[in-house]
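The numbering of the sequence shown is the working numbering, which starts it at -10 and goes up by one.
Glycine residues also receive a C-beta, built at the ideal position from the N, C-alpha and C atoms.
Bear in mind that the values here come from a model prediction, so they are computed numbers and not experimental data.
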Amino acid sequence: MWVDHSRQNRFACSTCELELAVYDHATEREWRHLDSGQFLTNLHAKSPRVNCPEHGVLQVRLPWAEPMSRFTTLFERLAVDVLKECDVLGASRLLRTSWGETWHLMQRAVARGSRSKSRAPRRISSRREVSWPGPGLHHRGERPRCPCGGVHRG
Ligand SMILES: [Zn+2]
């Protein structure tokens, strides 16, 4: 599955949230996503980068994955649900991930849990939401949308 954006889309600096035009794109990456039927599915995209006058050239935050993750947020949620029911080896078999990847997914979930517990009270974010994928998203070809906003190709 490939995700792209329209030329008009503007993106927020990942540090100060200033909305800017696209400066360039990082090299294409892939994220493991929820299976489509019985097929392993990876989401591919070239992450936009913005050139913030204060923070320089930075990659924008992606709506489907946390920074540095090789998995979409939806896949990580599924992994957490599976890990609640079985051990790492069992989860890796069900998720079709390696033992190391599954362990890493569990560690990330534990870290997220620890961070959210230490954040009290929860602060309401004032940052502006930038829709990507959103109304400005365009896809190569007209195909049905996936829950992540992407479309399947090929
Ligand atoms: Zn900035």
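Is it buried or exposed for Ala68, if we count other Cβ within 10 angstroms and need 16 for buried? What you label residue 68 is simply residue 79 of the sequence shown in a count that begins at 1. Ala68 is buried by the Cβ-count criterion.
Counting only runs of 3+ residues fully inside the segment -6 to 82, write out the beta strand (DSSP E) ranges in chain order. -1 to 1, 8 to 10, 18 to 25, 28 to 34, 37 to 41 and 45 to 48
Measure the CB-CB distance between Arg38 and Ala15 and report whether it falls below 7 angstroms. As a working mapping, residue 38 is identified with position 49 in the sequence shown. As a working mapping, residue 15 is identified with position 26 in the sequence shown. Their beta carbons are under 7 angstroms apart, which means Arg38 touches Ala15 by this criterion.
Outcome for Val20 when other beta-carbon atoms lying within 10 angstroms are tallied against a minimum of 16: The count along the sequence shown starts at 1 and reaches residue 20 at position 31. Val is not the amino acid found at residue 20; the sequence shown has Trp there. Classification of Trp20: buried, given that the 10 Å Cβ count is 16 or more.
Environment of Thr61 [buried if 16+ CB atoms lie within 10 Å]: Sequence index remark: in the sequence shown, residue 61 carries index 72 (1-based). Buried, by the Cβ-count rule.
I'd like the span of the alpha helix (DSSP H) that includes Trp92, first residue to last. In the sequence shown, residue 92 corresponds to position 103, counting from 1. Its alpha helix (DSSP H) spans residues Trp88 to Ser107.
beta-carbon Leu7 near ligand 1 non-hydrogen atom, thresh 6 angstroms: Stepping through the sequence shown from its first residue, residue 7 is reached at position 18. At least one heavy atom of ligand 1 is nearer than 6 angstroms to the Cβ of Leu7, so yes.
Comparing alpha-carbon positions, which option in Leu72, Leu83 and Arg85 lies nearest Arg97? Along the sequence shown, one-based indexing puts residue 97 at 108. Comparing Cα positions, the closest option is Leu72.
Buried or exposed for His44, please, with buried defined as at least 16 other CB atoms from any protein chain shown within 10 angstroms of its CB. In the sequence shown, residue 44 corresponds to position 55, counting from 1. With fewer than 16 other Cβ atoms within 10 Å, it is exposed.
Check whether the Cβ atoms of Leu47 and Ser3 lie closer than 7 angstroms to each other. As a first step, residue 47 is located in the sequence shown; it is residue number 58 there, counting from the start. As a first step, residue 3 is located in the sequence shown; it is residue number 14 there, counting from the start. In contact: Leu47 and Ser3 (Cβ atoms closer than 7 angstroms).
At a cut-off of 6 angstroms, would you count Glu90 as near ligand 1, judging by its Cβ distance to the nearest heavy atom? Within the sequence shown, the letter at position 101 stands for residue 90. It does not: the Cβ of Glu90 is nowhere closer than 6 angstroms to a heavy atom of ligand 1.
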